[in-house]
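Asker: Provided herewith is a single structure, encoded as structure tokens, for subsequent inquiry.
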Amino acid sequence: MNRQVIGAMVRLRLLRVVRDRGGLVWLLVMPMVFSYLMGMLMGDWSGSSQPARRKLLVSDLDGGPAVSLLLGPLRANDAYEVAVVDTAFTDARARELVDARRATAVLQVPPGFSAALAGGPRVDLRLTIDGDRLGGQAARTLVEGELARLATAGAAMSLVAPPGTPVPRDGAASFDEGAFVDAWESPRVRLRAATLGRLESEDWGLTRSHQHVGPSYVLFFVLMFMMVSAKDLVQERRDRTLARLVTSRASAVDLVAGYFLGGMAVGLLQAAILLVLNAVAFKLDYGDAPLALAAVVVLFAAFSSSAAILLGTLARSGAQADGLGTGLTMVMAAIGGLWWPLEVVPAFMQVLGRALPTGQAISIFHGLVGRGWGLAEAAPLLGGLLLWFVAAFTLAAWRLRRQIAT
Amino acid sequence: MIEVRDLVKKYGPQKAVDGVSFDVARGELFGLLGPNGAGKTTTIGVLSTLLRADGGQVRIGGHDVATAPSAVRRLIGVVPQEIALYTDLNARDNLVFWGRLHGLGGAALNRRVEELLVLADLADQARRRVETFSGGMMRRLNLVAGLIHQPEVLFLDEPTVGIDAQARSRILELIADLGRQGLTVIYTTHYLEEAEQLCDRIGVIDRGRLVALGDKESLIGQIGDVDLIRLAIPADRHEAFTAACLGWEGCVGVGERRGRIEVRARDGGQLLPHIQAWLEAGGVPLEQLEVERPNLETLYLNLTGRGLREEAP
Numbered sequence: 015m016n017r018q019v020i021g022a023m024v025r026l027r028l029l030r031v032v033r034d035r036g037g038l039v040w041l042l043v044m045p046m047v048f049s050y051l052m053g054m055l056m057g058d059w060s061g062s063s064q065p066a067r068r069k070l071l072v073s074d075l076d077g078g079p080a081v082s083l084l085l086g087p088l089r090a091n092d093a094y095e096v097a098v099v100d101t102a103f104t105d106a107r108a109r110e111l112v113d114a115r116r117a118t119a120v121l122q123v124p125p126g127f128s129a130a131l132a133g134g135p136r137v138d139l140r141l142t143i144d145g146d147r148l149g150g151q152a153a154r155t156l157v158e159g160e161l162a163r164l165a166t167a168g169a170a171m172s173l174v175a176p177p178g179t180p181v182p183r184d185g186a187a188s189f190d191e192g193a194f195v196d197a198w199e200s201p202r203v204r205l206r207a208a209t210l211g212r213l214e215s216e217d218w219g220l221t222r223s224h225q226h227v228g229p230s231y232v233l234f235f236v237l238m239f240m241m242v243s244a245k246d247l248v249q250e251r252r253d254r255t256l257a258r259l260v261t262s263r264a265s266a267v268d269l270v271a272g273y274f275l276g277g278m279a280v281g282l283l284q285a286a287i288l289l290v291l292n293a294v295a296f297k298l299d300y301g302d303a304p305l306a307l308a309a310v311v312v313l314f315a316a317f318s319s320s321a322a323i324l325l326g327t328l329a330r331s332g333a334q335a336d337g338l339g340t341g342l343t344m345v346m347a348a349i350g351g352l353w354w355p356l357e358v359v360p361a362f363m364q365v366l367g368r369a370l371p372t373g374q375a376i377s378i379f380h381g382l383v384g385r386g387w388g389l390a391e392a393a394p395l396l397g398g399l400l401l402w403f404v405a406a407f408t409l410a411a412w413r414l415r416r417q418i419a420t
Numbered sequence: 011m012i013e014v015r016d017l018v019k020k021y022g023p024q025k026a027v028d029g030v031s032f033d034v035a036r037g038e039l040f041g042l043l044g045p046n047g048a049g050k051t052t053t054i055g056v057l058s059t060l061l062r063a064d065g066g067q068v069r070i071g072g073h074d075v076a077t078a079p080s081a082v083r084r085l086i087g088v089v090p091q092e093i094a095l096y097t098d099l100n101a102r103d104n105l106v107f108w109g110r111l112h113g114l115g116g117a118a119l120n121r122r123v124e125e126l127l128v129l130a131d132l133a134d135q136a137r138r139r140v141e142t143f144s145g146g147m148m149r150r151l152n153l154v155a156g157l158i159h160q161p162e163v164l165f166l167d168e169p170t171v172g173i174d175a176q177a178r179s180r181i182l183e184l185i186a187d188l189g190r191q192g193l194t195v196i197y198t199t200h201y202l203e204e205a206e207q208l209c210d211r212i213g214v215i216d217r218g219r220l221v222a223l224g225d226k227e228s229l230i231g232q233i234g235d236v237d238l239i240r241l242a243i244p245a246d247r248h249e250a251f252t253a254a255c256l257g258w259e260g261c262v263g264v265g266e267r268r269g270r271i272e273v274r275a276r277d278g279g280q281l282l283p284h285i286q287a288w289l290e291a292g293g294v295p296l297e298q299l300e301v302e303r304p305n306l307e308t309l310y311l312n313l314t315g316r317g318l319r320e321e322a323p
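Here you go:
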């Protein structure tokens, strides 16, 4: 490979982007405008900015004081109205209530809950929510948080109080570290969540709309900018610039590498600037896994660049490349969950969405910004993204080399 | 410098180039003359390593284009018929890019870019976007971009298509200058006046075959001292005129093209009184009459039965 030739092509690509002022608007300004507007539109997912109150229906079969402690934070939250009944619900009935929108979430507390917290037999709580309604997700976050706090405090308290004794909110009189660790690693109570009509979304951890909107518009505009640039390759074919490139010192391998790396350089630059702007403007925290963050950005830019070359070699005209590029980006963005979280679409659409590179990339971002993922947790989805890149690059290189040869 | 032997290039069953052979000496300005679709661009495509030949052999500077394309590419510059430039960039950026692609850099590249901008008469327009250029300016930049690496052979594929007479004249001057500097040039065109004006030797190509080859004088000499008389008369009298004309002394042949009669005569002046008498005798109205001395157009017509600006079938 001739590094000077490849370097010249990469510089050319960046130069063309920089010299195109109209293009710069779409490259950097519009993504931030969209992020801001959509972020505002979707609001704060914790619910504090929502005037309408959400109903949490609690079936309390325990009757112990721990239930009141568990529900404390929700009762204190103006966004929630908590109703407690002492009748049992079947799972089907709970689903029915949520499905009919009579409750945002239904929490089933089984007998023995308070005893379990104090060291008794383990119990499972059941929370039924509607994935379409963001208040359900937020309720779950609040319940999970309080439950974890009570479970550890309860375990520690069990050292000084007999089973069945109500657990004081302020914790134990004395503290045994071993018991605490045991309770932490093997909790006495667990929360089982059921999401209606959706895949189980055990991993959902986003509480602010910008945590979704920011990364999703970075991905969307990187893909969009790249795909519409496919028309440049069509133009180069038609006006014989590609032919002129072929008759230079550049080999076919140099040209493929030059086109690919040029596109990737633009994608990486765009993504890096937008991620920083999002971090500054919307206070987004991308987590503590810089390698995973870098990997998802690099693989997505690599896939986008390859897909654009492939499109540029397939389209017959610039207008066709433009139309197809825009259309494909829209479809991949919508199905892949860039415009709305995959958690709000039906199960089969979630499966389809997570099979797409857009769905894989945004899921990794969700993991990084909302669930504290590291490289290991992101690895399976990164693997999927790598497969997409390899497939797109192989096809693009094959098509481009064929066109160069003829 | 260039040796082409029995070159064949097919597109499917169709032979776009069919057994073409010619040589071009170092420093020669060689014209490939033919109508659109005759096979000129395909021939240039094979010579410039863009297309793979289906038969024959092409050697440039002693290198076979099929087996040593990289060595050939170091020797050649290619100027496509289209404006093969990045029109969203300025003239300087374009030349710098093409220079880098050919391995130039630093001060040598800057010097070469300045030289070419002066050569193309674009030094004061170097920072302007190419898309704002006139057709002639684009053509000049397109041409000098093919010279950035100082090639020994330059392929020019119809470099004056779509520009006005003044711009064409400047391009032709530029090419003539290059020829005087000793560059070997292969120039394709369907404008015979360009070939006549510029080229040391001309190959006439038709339907993929080289039908004539030589310098301008020898080519015209091939058809002898034959004039071309074109006349427009009512279509229903064409047959009668043809029959009469073939009987007149000095008439070499009669044909019909684009609704007009074309008479080839050894001496057009001698045949005109016959024509005038026939028209008067029959009361046939004459709409148009032209007499042309032998030139490449008549040569081409003689060889192919078609005009240079007609598409090849």
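In the order they appear, the protein sequences are chains A and B.
For the first sequence, the working numbering begins at 15 and goes up steadily by one.
For the second sequence, the working numbering begins at 11 and goes up steadily by one.
Every residue, glycine too, gets a C-beta built ideally from N, C-alpha and C.
(1) What three-state label does DSSP hand Ala207/A in the structure shown?
(2) One question on the structure: do Leu42/B and Thr198/B come within less than 9 Å of each other, judged by their Cβ atoms?
(3) Can you list, in chain order, the stretches of the alpha helix (DSSP H) that have 4 or more residues and sit fully within the region 205-233 of chain B?
(4) Please work out which residues of its chain come closer than 7 Å, Cβ to Cβ, to Ser58/B, disregarding the five sequence neighbours upstream and downstream, and give them in chain order.
(5) For chain A, find out if any of its Cβ atoms is closer than 9 Å to the Cβ of Pro169/B; answer yes or no.
(6) Please go through the same chain and pick out, in chain order, the residues whose beta-carbon is closer than 7 Å to the beta-carbon of Pro244/A, but skip the five residues on each side of it.
(7) DSSP state of Asn100/B, grouped into three classes?
(8) Could you list which residues in chain A have their beta carbon closer than 9 Å to that of Arg84/B, in chain order?
(9) Leaving aside the five residues before and after Glu95/A along the sequence, list all residues of the same chain whose C-beta is less than 8 Å from its C-beta, in chain order.
(10) Between Lys25/B, Val34/B, Arg15/B and Gly22/B, which lies nearest to Cys209/B when the distance is taken from Cα to Cα?
(11) My parser needs the beta strand (DSSP E) runs of 3 or more residues fully inside the region 93-170 of chain A; what are they?
(12) Apart from the five residues on each side of it in sequence, which residues of its chain come closer than 7 Å, Cβ to Cβ, to Leu366/A?
(13) Run the CB neighbour count on Asp74/A, radius 10 Å, all protein chains shown included, and call it buried at 16 or more, exposed below.
(14) Counting beta carbon pairs with one atom in the region 210-218 of chain B and one in the region 48-57 of chain B, are three or more of them shorter than 8 Å?
(15) Apart from the five residues just before and just after Ala153/A, which ones in its own chain have a Cβ nearer than 6 Å to its Cβ?
(16) For Val32/A, count neighbouring Cβ atoms within 10 angstroms of its own Cβ and tell me buried if that reaches 16, exposed if not.
(17) Tell me whether Ile418/A counts as near the ligand NAP, meaning its Cβ is closer than 8 Å to at least one heavy atom of that ligand.
(18) Flag Leu95/B as yes if its beta-carbon sits less than 9 Å from any beta-carbon of chain A, otherwise no.
(19) For a contact defined as C-beta to C-beta under 7 Å, what are the partners of Ala22/A on chain B?
(20) What span of residues does the alpha helix (DSSP H) with Leu237/A cover, start to end?
(21) What in chain A is Cβ-close to Ser58/B, meaning under 7 Å?
(22) What is the DSSP secondary structure of Ser73/A, counted as helix, strand or coil?
(23) Taking DSSP's pairing of strands, which residues face Gln18/A in a bridge?
(24) Could you check if Trp402/A is buried or exposed, using at least 16 other CB atoms within 10 Å of its CB as the buried criterion?
(25) Answer with yes or no whether the minimum CB distance from Gly156/B to chain A is below 9 Å.
(26) Within 9 Å of any Cβ in chain B, is that where the Cβ of Leu356/A sits?
(27) In chain B, which residues lie with their C-beta within 8 Å of the C-beta of Asp34/A?
(28) Against Glu162/B, what residues of chain A qualify as contacts under a CB-to-CB distance less than 7 Å, listed in chain order?
(29) Count the other CB atoms, across all protein chains shown, that sit within 10 Å of the CB of Ile418/A; report buried if there are 16 or more and exposed otherwise.
(30) Taking C-beta pairs closer than 7 Å, name the residues in chain A that Glu92/B reaches, listed in chain order.
(31) Mind checking if Arg415/A is an interface residue toward chain B, Cβ cutoff 9 Å exclusive?
(32) Determine the burial state of Lys297/A: buried for a count of at least 16 other Cβ atoms within 10 Å of its Cβ, exposed for fewer.
(33) Apply the 10 Å Cβ neighbour rule to Pro360/A and answer buried if 16 or more other Cβ atoms are within range, or exposed otherwise.
(34) For a contact meaning CB atoms closer than 7 Å, what does Val19/A contact in chain B?
(35) Can you tell me where the beta strand (DSSP E) holding Thr199/B begins and where it ends?
(36) Quick check on the burial criterion: 16 or more other C-beta atoms within 10 angstroms. Buried or exposed for Trp412/A?
Answerer: Based on what the coordinates show:
(1) strand
(2) yes
(3) 226-232
(4) Ile86, Val88 and Phe165
(5) no
(6) Inspection of the sequence shows that residue 244/A is occupied by Ala rather than by Pro. The answer, listed in chain order, is Ala322, Leu325, Gly326, Ala329, Ala335 and Gly339.
(7) strand
(8) Arg263
(9) Arg67, Arg68, Lys69 and Leu70
(10) Val34/B
(11) 94-99, 119-123 and 137-143
(12) Ile349
(13) buried
(14) yes
(15) Leu70 and Ala119
(16) exposed
(17) With respect to small molecules bound, the structure shown includes none, and the ligand NAP cannot be examined in it.
(18) yes
(19) Phe107, Arg110 and Leu111
(20) Ser223 to Val242
(21) Thr261
(22) strand
(23) The partner list for Gln18/A (beta bridge, DSSP) is empty, contrary to what the question assumes.
(24) buried
(25) yes
(26) no
(27) Asp98
(28) Correct list: empty, because the minimum Cβ distance to chain A is about 14 Å.
(29) buried
(30) Asp253 and Arg254
(31) no
(32) exposed
(33) exposed
(34) Leu111
(35) Thr194 to Thr199
(36) exposed
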